[in-house]
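**Q**
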Amino acid sequence: MPLWRTPVISSRISKGFLDTSWVLLVNVISVLTNIATFLLFANYLGPSLFGIFSYALAFGAIPAQAASLGFECVVVMNCSRDEKTLGPELGNSLLVMTTLSALCITGTYVVMNLVGVPAVTVGVVTIITASLCINSIADPLLSSTFRVMQQIRLPWLLLLLGKIAFLGAVAAVMHMKWSLQAASWLHLACNVAMCIAMLCLALAKICPSLDFGLLRRNLIAGLTFCANQLVSLARAGAPQIILERLGALAAVGEFAAAFRLANAAAIVPSALQTVFLPRFHAAKTDSQLTSWFLRIHRIIVVFAFLVAGLIFWCACDIIRLLLRGDFSQSIWVSQILAFSMVLNFASFPYSMLAEAMRKLKERLIVQAISAAVTVVACVLLTPKWGAFGAAWAAVIGWAAMFVLYQPITSPLRGRVSDMLYLPKAAIAAAVASIAAYTVFRTLHPGAFRLLAILVSYSLIYTCACLITRCITIDDVAGMRSSRQQPAREDEPLESVCSDV
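The numbers in my numbering rise by one with no breaks, and the one at position 68 of the sequence shown is 67.
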């Protein structure tokens, strides 16, 4: 019997997927709230003003991430095995992030004024940067602390309530017809309130302390995590920033609208990463780590093709239903970004595996090359093709990342390649696409057609996955049984199988 199918580890897996289901439920509600907020903003502001707001979010995320210094990832990595270090880790992280946030907010304001950015854009970007810096303390730092303690329900509910409150505040802004700067101040106020609530909840359970020796030891790992996340943000924000510098604010808004709708489907990979990344770090054998990877990779690949197909077939109806006519080009951009979703989602477990293998520098190199490819593609494609070129640049960047992750994770993936799941899921998506195309051609436009496409594609895709054995896990166990590592003689099976 494979190690991961034993009663002890099976119960751990069941608990992990129950936690994933809970996080997924909260994420679904959170994403729906985010989509509603984004739709209100987009329809209220229009492509040009929404382009300024999206540019501020993309630009402000970079100094906000620099202010975190990657310490939220250090907390997960170091405290997954020993929760006794939570107090010093949290105290050090709060000190570093608070100091750097103040410096980054000031630096953003000074730099934006020096490069001659319009005053309205400077004000919006500075306010959004402050908001994102404060938000980075609540999420991901404090939420990561609760993840390590396996207490994820209350913090996630608190984050969800904050997003719902922000949605109500946005509706009030629209009713009172406030300006873009007023909306930015509202974004800041909501994140300040959320950070205070999360901090009070954390202080009730943990007593932060300072340990400068531990801080020095964690500095290199934190800088590596921070650089990795900065590069990732640069890759995601490069299309919008380059379009803004070209003066195409409407194209920024159209690309941002399509990107946000497509990226809303990342709730499943995000939920799996939230719950299982501490378990990846806590794995005591290579075979256990590989088992986690194979199972999660299969689920994400199947879901990736499902999402890509739904985005491709339903983009026209969804955008016409939810956004006003000014965003017509977002339809084609969404369909192009559907291809990037497959590569995006499939890269999630590779990133988790590389982090668990402590290959932080190699992962940083992969992210840097992918970001460089994205930026070069944007520079070459966006002047002529605008938002369409930015979408294809995103596809090229994610493809480069997925390919580059293969060699650095190959030692633990073994001889049987998990890449075999990709053609199976692709075949299932092709079969379901034929059904969706038939529905698309025979039904009249309207909400009924959208519902019919969603239902028919999802059902036929699921059946095709079952036929090609993309969802069942028996063949995973068969592949794994030939390369499991036995438990060490001096260590009981329970200690080998324990996940956290």
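Think of the CB as a built atom: it goes at the ideal place given N, C-alpha and C, for glycine as much as any other residue.
Leaving out five residues on either side along the sequence, give the residues of the same chain with a beta carbon under 6 angstroms from the beta carbon of residue 108.
**A** 125, listed in sequence order.
**Q** Between 203, 123, 128, which lies nearest to residue 515 when the distance is taken from Cα to Cα?
**A** Since the first and last residues shown for the chain are 0 and 499, residue 515 lies out of range.
**Q** Nearest CA to the CA of residue 430: which residue from 333, 367, 304?
**A** Of the candidates 333, 367, 304, the one whose C-alpha sits nearest the C-alpha of residue 430 is 304.
**Q** Return the chain-ordered list of same chain residues with a C-beta closer than 7 angstroms to the C-beta of residue 340, the five sequence neighbours on each side being excluded.
**A** Cβ within range, chain order: 261, 264, 303, 306, 307, 310.
**Q** If you draw a straight line from the C-alpha of residue 330 to the C-alpha of residue 88, how long is it?
**A** Between residue 330 and residue 88, the C-alpha separation is close to 45 angstroms.
**Q** Below 6 angstroms CB to CB, which residues in the same chain sit around residue 250 once its five sequence neighbours on both sides are set aside?
**A** Correct list, in chain order: 242, 385, 386.
**Q** Between which two residues does the alpha helix (DSSP H) containing residue 316 stretch?
**A** Where residue 316 is concerned, the enclosing alpha helix (DSSP H) stretches over 285–321.
**Q** Less than 8 angstroms between the C-beta atoms of residue 373 and residue 237, yes or no?
**A** Taking 8 angstroms as the Cβ cut-off, residue 373 and residue 237 qualify as a contacting pair.
**Q** Using a Cβ-Cβ cut-off of 6 angstroms (strictly less than) and excluding sequence neighbours within five positions of residue 67, which residues of its own chain qualify?
**A** So the list reads 96, 135, once near-sequence residues are dropped.
**Q** Within 10 angstroms of its Cβ, does residue 188 collect 16 or more other Cβ (buried), or is it exposed?
**A** Exposed.
**Q** Ordered along the chain, which non-local residues of its own chain (more than five positions away) have a Cβ less than 7 angstroms from that of residue 314?
**A** Excluding positions up to five away in sequence, the list reads 330, 333, 334.
**Q** Any idea if residue 112 is buried or exposed, counting beta-carbon neighbours within 10 angstroms, 16 or more meaning buried?
**A** Under this definition residue 112 is an exposed residue.
**Q** Which residue wins for smallest C-alpha separation from residue 297, given the options 286, 347, 318, 336?
**A** Comparing Cα positions, the closest option is 347.
**Q** For the alpha helix (DSSP H) that contains residue 362, what are its first and last residues?
**A** 359–384 is the span of the alpha helix (DSSP H), which, as asked, contains residue 362.
**Q** To the nearest whole angstrom, what separates the beta carbons of residue 359 and residue 220, a pair I think is in contact under 8 angstroms?
**A** Contact flag correct, Cβ pair sits at about 7 angstroms.
**Q** Considering only the alpha carbon of each residue, which of 166, 116, 83, 156 lies closest to residue 35?
**A** Ranking 166, 116, 83, 156 by Cα distance to residue 35 puts 166 first.
**Q** Along the alpha helix (DSSP H) that carries residue 334, what are the first and last residues, could you check?
**A** From DSSP, the alpha helix (DSSP H) with residue 334 extends over 329–355.
**Q** Report the rounded CA-to-CA distance for residue 192 versus residue 105, giving the unit in angstroms.
**A** Answer to the nearest angstrom: the Cα atoms are 21 angstroms apart.
**Q** Take the Cβ of residue 406 as the centre, count every other Cβ of all protein chains shown within 10 Å, and call the residue buried at 16 or more, exposed below.
**A** Exposed, because fewer than 16 other Cβ atoms sit within 10 Å of the Cβ of residue 406.
**Q** Could you check whether residue 53 and residue 123 sit closer than 8 angstroms to each other, using their CB atoms as the reference points?
**A** Not closer than 8 angstroms, so no.
**Q** According to DSSP, simplified to helix, strand and coil, what is residue 100?
**A** In this structure, residue 100 counts as helix in the three-state DSSP scheme.
**Q** Whole angstroms is fine: what's the gap from residue 198's alpha carbon to residue 60's?
**A** Those two C-alpha atoms are separated by around 21 angstroms.
**Q** If the criterion is Cβ atoms closer than 8 angstroms, does the pair residue 64 and residue 232 meet it?
**A** Contact flag set, yes.
**Q** Taking 8 angstroms as the cut-off, decide whether the C-beta atoms of residue 234 and residue 369 are in contact.
**A** For residue 234 and residue 369, yes; Cβs fall inside 8 angstroms.
**Q** Out of 288, 253, 317, which one is the CA nearest neighbour of residue 328?
**A** That would be 253, whose Cα lies nearest to the Cα of residue 328.
**Q** Considering only the beta carbon of each residue, do residue 375 and residue 400 sit closer than 8 angstroms?
**A** No, the pair does not count as a contact, with Cβ atoms beyond the cut-off.
**Q** Of all the options 171, 100, 239, which has the alpha carbon lying nearest to the alpha carbon of residue 58?
**A** Comparing Cα positions, the closest option is 239.
**Q** Do you know whose CA, among 72, 32, 45, lies nearest residue 357's CA?
**A** Checking every option, the nearest Cα to that of residue 357 belongs to 72.
**Q** According to the neighbour-count rule (16 or more other Cβ atoms, all chains shown, within 10 Å of its Cβ), is residue 181 buried or exposed?
**A** Exposed: under 16 other Cβ atoms inside 10 Å.
**Q** Spatial neighbours of residue 210 within its chain, please: C-beta separation below 7 angstroms, excluding the five flanking residues on both sides.
**A** The answer, listed in chain order, is 87, 91.
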